[in-house]
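Chains as they are written, first to last, in numbering that gives the first Met the number 0: chain A, 0 to 334; chain B, 0 to 262; chain C, 0 to 307.
Note that CB positions come from ideal geometry on N, CA and C, so glycine has one too.
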Amino acid sequence: MTEGGRRGGDAPSLAPQAWRRLSPALWLAIALVLIALGLAVVVGPVAAGQATLNGLVGAGYFALGAVGLTLVYGVLRLVNFAHGDMLTVGMYIAIAIMALGISFWPAAVLAMILTALIAMLLDRIMWEPMRRAQTSTLQLFLVATGLALVLRYSVQFFAGSQVRTVGLDTISSVDLGPWHLGRLQLVVMLVGLVTIVLAGIALRYTRLGKEMRAVADNIALAEVTGIDTRRTIRVTWLVSGAMAALAGILYAASIGSINPNFGFTILLSLFAAAVLGGIGNAYGALAGGIVIGLSQEWATLFFNPRWKPAIGFAILILTLLVMPRGIFGRKKARS
Amino acid sequence: MTEAGFAADPILAIDDLDKRFGGLRAVAGASFSVRRGSLTALIGPNGAGKTTLFDLVTGFTSPDRGTIRFDGGAITGLPPHRITRLGLVRTFQLTRVFAAMTVLDNMMLASPNQPGESLWHLAVQQQANRRSETAVRERALALLRRFDLENKSADYAGTLSGGQRKLLELARALMTAPRMVLLDEPMAGVNRVLGRRLLDYVADLRRTDDMTFLFVEHDMDVVMTRADHVVVMADGVVIAADKPDVVRADPRVITAYLGRAPQ
Amino acid sequence: MSVEFWIGVGVIAGIYAIFVLGLQINVGFTGLLNLGQAGFMSIGAYAMGMLVVDAGWSLWAAMPVAIAIAVTAGLLVGLPSLRLRADYFAIATIAFAEIVRYTFQNAGFAGGNQGIIGYDAEWRALAAWLLHQLAHLGLGGITQLPLFLAVWFCFGLCLMVLRLLAASPWGRVLRAIREDEDAAAALGKNVLVFKLQSLAIAAALAAIAGFFLALNVTYLYPSEFDPTFTFLGYAVLVLGGYASYGGVALGAVLLWSLMEGLRFLHLPISDGQQGSLRFVLIGLALILLSMLRPQGLLGRKAEMRLRR
Chain A
0 MTEGGRRGGD
10 APSLAPQAWR
20 RLSPALWLAI
30 ALVLIALGLA
40 VVVGPVAAGQ
50 ATLNGLVGAG
60 YFALGAVGLT
70 LVYGVLRLVN
80 FAHGDMLTVG
90 MYIAIAIMAL
100 GISFWPAAVL
110 AMILTALIAM
120 LLDRIMWEPM
130 RRAQTSTLQL
140 FLVATGLALV
150 LRYSVQFFAG
160 SQVRTVGLDT
170 ISSVDLGPWH
180 LGRLQLVVML
190 VGLVTIVLAG
200 IALRYTRLGK
210 EMRAVADNIA
220 LAEVTGIDTR
230 RTIRVTWLVS
240 GAMAALAGIL
250 YAASIGSINP
260 NFGFTILLSL
270 FAAAVLGGIG
280 NAYGALAGGI
290 VIGLSQEWAT
300 LFFNPRWKPA
310 IGFAILILTL
320 LVMPRGIFGR
330 KKARS
Chain B
0 MTEAGFAADP
10 ILAIDDLDKR
20 FGGLRAVAGA
30 SFSVRRGSLT
40 ALIGPNGAGK
50 TTLFDLVTGF
60 TSPDRGTIRF
70 DGGAITGLPP
80 HRITRLGLVR
90 TFQLTRVFAA
100 MTVLDNMMLA
110 SPNQPGESLW
120 HLAVQQQANR
130 RSETAVRERA
140 LALLRRFDLE
150 NKSADYAGTL
160 SGGQRKLLEL
170 ARALMTAPRM
180 VLLDEPMAGV
190 NRVLGRRLLD
200 YVADLRRTDD
210 MTFLFVEHDM
220 DVVMTRADHV
230 VVMADGVVIA
240 ADKPDVVRAD
250 PRVITAYLGR
260 APQ
Chain C
0 MSVEFWIGVG
10 VIAGIYAIFV
20 LGLQINVGFT
30 GLLNLGQAGF
40 MSIGAYAMGM
50 LVVDAGWSLW
60 AAMPVAIAIA
70 VTAGLLVGLP
80 SLRLRADYFA
90 IATIAFAEIV
100 RYTFQNAGFA
110 GGNQGIIGYD
120 AEWRALAAWL
130 LHQLAHLGLG
140 GITQLPLFLA
150 VWFCFGLCLM
160 VLRLLAASPW
170 GRVLRAIRED
180 EDAAAALGKN
190 VLVFKLQSLA
200 IAAALAAIAG
210 FFLALNVTYL
220 YPSEFDPTFT
230 FLGYAVLVLG
240 GYASYGGVAL
250 GAVLLWSLME
260 GLRFLHLPIS
270 DGQQGSLRFV
280 LIGLALILLS
290 MLRPQGLLGR
300 KAEMRLRR
């Protein structure tokens, strides 16, 4: 049966927003804690805790990667199939900068800035003209695919297709009680989680964040209320590019090695996180990333780690089948 | 609601229909019925819920509450294609002809029960398919002739003028062999001459094919002179349903239009 | 620049041509963004391979059954996902293709990364016989010729069938769905059923392309069917035009001639870099064509404009 309404926007909602939005987040948090505790009972607190820690490491880059994807969708209604390769580009730019003698974290910051600029530039020369010409979903997909190929294989052209290490200390580890984590992984986890929190705060309280959310919700309405949508779009691309670069860098740092395909390989998991959280909703993407990160690691308690990415796919399929709006979404998903 | 509101032998009966979008109650307990063979107008100020009502009746949206009965059977919650097959078809406010298909293709598409639309029949019953195509083509051309569009049959529908598209959409809807047609603002964007022609066709069809028409319209001239029954909606409910003269003088209707007296 | 080499390129072009016919019926005629075509291809190829190698079937018996399996997969994927919005449907199909690839790569029953080998004995016998016949025409030296002829003959058959379908009332409904599926539903057409049929046919075509691919490489392994296949397929579609049949063949031949022809340009770059360059150029072609000439090389501009 058709879900209440056809494709197209919602009429303005008059129900109280605050508790409605908080509630799914609360439910999600409670569910995750309960699952963690349940796992502790089943496999013992050591294994469960270790998997949870590992999961939180992944949560960072999945969440940040998904945020960029979902923001672009929310503001522009564009499914950016080239987003995964922006993670790759970000990381390889960082590598190139490091080759100049600059150390890792400063290189990372520079790479984030450069990637953000690249994203904005691409909008200027590619996406904006297509928006003005009102191109179809198919054409947008083809352009995004073309862009993905250009990005990925340009990186491969210059850097070669072989797996390369990041050149950081991936050996030393830290002991946290009965659990342990690579020192680098611990840093990745902290940076990731802190950025998630900062992103959430920025979205909620800064003017730019509010404008982005408003435009994502209803662009016509946003314009009418005086928001400079063109600037919002530019900022969205900057943020998307920067977050993508950071996600790519965190991923590389936590795994220790990369190849030019890695961004594309995790794209589907990023989609899973974005769709799970409700595509277009940035908080949702952050939450979705946490769920994906945790689920993948928790799954390794029962399945061969080989199947980790499959968890992402499974979550994506389930979400599309059962709850296409996602946990936080309000957009119509059926046609 | 006057006696005349609940017509004898209604072809369409709507009872206590309710539809909410988020916090907005677009249709708030609307009830009325349409008499068989009538030309009924649905009027009301903007935002009264008329288009939502059309969407509900034709299955594009399902109601939160209430029932819709068409020709003796319940159609509440059925998908659009099923409702059309039962004999209830609609046109759209902003015409939705298939622009990159020819006028003739637009018409032939709409014909129901074509064996050639089933892969199975295509494979094993070529004869039947060919015969059906010929018959459908003739029927389509005849209808186009009636609407003065025959000479456009080989053109892409996208090259037609706005008024011609309206005619095409109506002609196409008629190909589905309906018993009732819902017209969403048939006069919108159409010049007076063409509009009058369209209404003449409609009047013709009522006589010759015993069809019922329900149309949403803002042009009061048209409503008062052509409709034999008028239903008035405001704020999601039906506030009056009667003959045009009665409705015109109804104080609730006048108030709903904010003091603007209907012509 | 030998004849043998170019006939080999022609085989690959032919495989893509059949593969893209499936995409065309989805995209060009129904308006469905099917990004999982490579998944159906691998299901078809693997089903055939496993039936022959593991279950001892004849190749000729395994093929129709493998097509049926691919079609079933198409229906199973389509039933839940065709109800979704266009971009969600696209994502669902990608997820499907990745799951298929992943399963074949990691599950034991499909040979894992070892792949499957030995299913093409009957084909090789037939090919040898064909070659013998061709020798009478003086063409017996081109070993790839039998497969080349088989692929393009099959493409021709599929093309004819699709042409008939497109001109039929069934095809008319598909085109209407592509234009405006709500209007089509409002005219009494059960849109979901037609979309399912379109997807099922695409799956069948993908499976057939998969057979030829399997016969060409004689050794089935999962990374052959990676998403690159689908992307290149769309490149062919863009080159040739969405709604033009001849375009599919032209696009396939053009793309592969260019890709392989690049080898003969002696650029001062390494082999690996040359491979990367090919894909960069394809990406650029996709972008430029989509932005500047969306109707493809053979499509009709008028039709494209009318659809806006």
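Q: Let me know the secondary structure DSSP gives residue 183/B once reduced to three states.
A: For the purposes of this step, residue 183/B is taken as residue 184 along the second sequence, with counting starting at 1. Looking at residue 183/B - three-state DSSP - the assignment turns out to be strand.
Q. By how many angstroms is the C-alpha of residue 217/A removed from the C-alpha of residue 8/A?
A. In the first sequence, counting from the first residue as 1, residue 8/A sits at position 9. In the first sequence, counting from the first residue as 1, residue 217/A sits at position 218. Because residue 8/A carries a pLDDT of 40, less than 50, the predicted location of this residue cannot be relied on, and no value is offered for it.
Q. Taking the continuous alpha helix (DSSP H) assigned at residue 243/C, which residues delimit it?
A. Walking along the third sequence from the start, residue 243/C turns up at place 244. Careful: residue 243/C lies outside any alpha helix (DSSP H) and carries neither H nor E.
Q.
Tell me whether residue 117/C, by its Cβ, gets closer than 7 angstroms to a heavy atom of the ligand COA.
A. Absence of the ligand COA is noted for the structure shown, with no ligands found whatsoever.
Q. If we ignore side chains and look at the alpha-carbon of each, how far apart do residue 16/C and residue 234/C end up?
A. Your numbering for residue 16/C matches position 17 in the third sequence. Your numbering for residue 234/C matches position 235 in the third sequence. Their Cα atoms are separated by approximately 11 angstroms.
Q. What does DSSP give as the partner residues of residue 18/B in its beta bridges?
A. The residue you call residue 18/B lines up with position 19 of the second sequence. DSSP lists 26/B as partners of residue 18/B.
Q | CA-to-CA distance, residue 18/B to residue 75/B, given in whole angstroms | A | Counted from its first residue, the second sequence places residue 75/B at position 76. Counted from its first residue, the second sequence places residue 18/B at position 19. Near 12 angstroms, if we compare the C-alpha coordinates of residue 18/B and residue 75/B.
(Q) Short of 9 angstroms Cβ to Cβ, which residues in the stretch 221-234 of chain C face chain B? (A) none
Q: Between the Cα of residue 79/C and those of 130/C, 195/C, 58/C, spot the shortest distance and give me the residue it belongs to.
A: Numbered from 1 along the third sequence, position 80 holds the residue referred to as residue 79/C. It is 195/C.
Q) Any beta-carbon of chain C closer than 8 angstroms to the one on residue 24/B? A) Your numbering for residue 24/B matches position 25 in the second sequence. Not one chain C Cβ lies under 8 angstroms of residue 24/B.
Q.
Considering just the uninterrupted stretch of the alpha helix (DSSP H) at residue 228/A, what are its terminal residues?
A. Taking the first residue of the first sequence as position 1, residue 228/A is located at position 229. Its alpha helix (DSSP H) spans residues 228-254.
Q: With a cut-off of 8 angstroms on the beta carbons, I'd call residue 39/C and residue 177/C a contact; round off their distance for me.
A: Here residue 39/C corresponds to residue number 40 of the third sequence, with the count starting at 1. Here residue 177/C corresponds to residue number 178 of the third sequence, with the count starting at 1. With a Cβ gap of about 20 angstroms, residue 39/C and residue 177/C do not count as contacting.
Q. Between the C-alpha atoms of residue 10/B and residue 245/C, what's the straight-line distance to the nearest angstrom?
A. As a first step, residue 10/B is located in the second sequence; it is residue number 11 there, counting from the start. As a first step, residue 245/C is located in the third sequence; it is residue number 246 there, counting from the start. Residue 10/B and residue 245/C: Cα-Cα distance of roughly 51 angstroms.
Q. Taking Cβ positions only, does residue 290/A come closer than 8 angstroms to chain C?
A. Sequence index remark: in the first sequence, residue 290/A carries index 291 (1-based). Output row for residue 290/A: interface = no.
Q) What residues of chain A sit near residue 278/C, judged by a beta carbon separation below 7 angstroms? A) The residue labelled residue 278/C in the question sits at position 279 within the third sequence. Residues of chain A passing the Cβ test: 148, 152.
Q. Any chance the stretch 268-288 of chain A sits against the stretch 316-323 of chain A, with 3 or more Cβ pairs inside 8 angstroms?
A. yes
Q: Determine, using beta carbons only, whether residue 154/B comes closer than 8 angstroms to chain C.
A: Within the second sequence, residue 154/B is the residue found at index 155, counting from 1. Not an interface residue.
Q: Counting only the same chain and skipping the five closest in sequence on each side, list residues whose C-beta sits under 7 angstroms from that of residue 77/B.
A: Translated into positions along the second sequence, residue 77/B becomes position 78. The residues are 58.
Q: Find the residues of chain C that neighbour residue 240/A, judging by a C-beta separation of less than 9 angstroms, and give them in chain order.
A: Residue numbering aside, residue 240/A sits at position 241 when the first sequence is read from its first letter. Within chain C, no residue comes near residue 240/A; the closest Cβ sits about 18 angstroms away, beyond 9 angstroms.
**Q.** Alpha-carbon to alpha-carbon, residue 269/A and residue 73/B
**A.** Mapped onto the second sequence, residue 73/B falls at position 74. Mapped onto the first sequence, residue 269/A falls at position 270. If I take the Cα positions, the gap works out to 45 angstroms.
Q.
Less than 8 angstroms between the beta carbons of residue 119/A and residue 241/A, yes or no?
A. Within the first sequence, numbered from 1, the residue matching residue 119/A stands at position 120. Within the first sequence, numbered from 1, the residue matching residue 241/A stands at position 242. Not in contact: residue 119/A and residue 241/A (Cβ atoms no closer than 8 angstroms).
Q. For residue 171/B versus residue 211/B, is the C-beta distance shorter than 8 angstroms?
A. Indexing the second sequence from 1 puts residue 171/B at position 172. Indexing the second sequence from 1 puts residue 211/B at position 212. No, Cβ-Cβ distance for residue 171/B and residue 211/B is not below 8 angstroms.
Q: Could you check the C-alpha separation between residue 109/A and residue 99/A for me, to the nearest Å?
A: Taking the first sequence and counting its residues from 1, one reaches residue 109/A at position 110. Taking the first sequence and counting its residues from 1, one reaches residue 99/A at position 100. Distance between the alpha carbons of residue 109/A and residue 99/A: 12 angstroms.
Q: Note down, in chain order, each residue of its chain lying with its Cβ closer than 8 angstroms to the Cβ of residue 14/C, except the 5 sequence neighbours on either side.
A: Here residue 14/C refers to the residue found at position 15 when the third sequence is read from its first residue. Closer than 8 angstroms at Cβ, skipping near neighbours: 150, 208, 211, 212, 215.
**Q.** Inter-residue Cα distance where the pair is residue 313/C and residue 221/C
**A.** Residue coverage of chain C in this structure runs from 0 to 307, which leaves residue 313/C outside it and unanswerable.
Q | C-alpha gap between residue 203/A and residue 148/B, whole angstroms | A | Counting from 1 along the first sequence, the entry for residue 203/A is found at position 204. Counting from 1 along the second sequence, the entry for residue 148/B is found at position 149. So the two alpha carbons sit approximately 57 angstroms from each other.
(Q) With H, G and I counted as helix, E and B as strand and the rest as coil, what does DSSP make of residue 9/B? (A) The residue labelled residue 9/B in the question sits at position 10 within the second sequence. It is a strand residue.
Q.
Please state the DSSP three-state secondary structure of residue 265/B.
A. Outside the displayed span of chain B (0 to 262) sits residue 265/B, for which this structure offers no information.
Q: Could you spell out the range, first to last residue, of the alpha helix (DSSP H) harbouring residue 194/A?
A: In the first sequence, residue 194/A corresponds to position 195, counting from 1. Here the alpha helix (DSSP H) through residue 194/A covers 182-204.
Q: Look up residue 82/A in the DSSP assignment and say whether it is helix, strand or coil.
A: One-based indexing of the first sequence puts residue 82/A at position 83. Residue state, collapsed to three classes: helix.
**Q.** 4-residue-minimum alpha helix (DSSP H) runs that sit fully inside the stretch 101-177 of chain B, ordered along the chain
**A.** 102-109, 118-123, 125-145, 161-174
Q) When the Cα atoms are used, what is the spatial distance from residue 334/A to residue 152/B? A) Position 335 of the first sequence, counted from the first residue, corresponds to residue 334/A. Position 153 of the second sequence, counted from the first residue, corresponds to residue 152/B. Confidence is the limiting factor: at residue 334/A the pLDDT is only 45, short of 50, which leaves the residue's position unreliable and the question unanswerable from this model.
Q: Report the three-state DSSP secondary structure of residue 103/A (helix, strand or coil).
A: Here residue 103/A refers to the residue found at position 104 of the first sequence. Reduced to three states, the DSSP call for residue 103/A is helix.
Q) Does the Cβ-Cβ distance between residue 15/B and residue 35/B come in under 8 angstroms? A) Taking the first residue of the second sequence as position 1, residue 15/B is located at position 16. Taking the first residue of the second sequence as position 1, residue 35/B is located at position 36. No, Cβ-Cβ distance for residue 15/B and residue 35/B is not below 8 angstroms.
(Q) Going by DSSP in three states, residue 246/B sits in which element: helix, strand or coil? (A) On the second sequence, residue 246/B is found 247 positions in, with the first residue counted as 1. Note: residue 246/B maps to helix in three-state DSSP.
Q: Mind the definition here: the stretch 33-52 of chain C touches the stretch 277-287 of chain A only if three or more C-beta pairs lie below 8 angstroms; say whether that holds.
A: no
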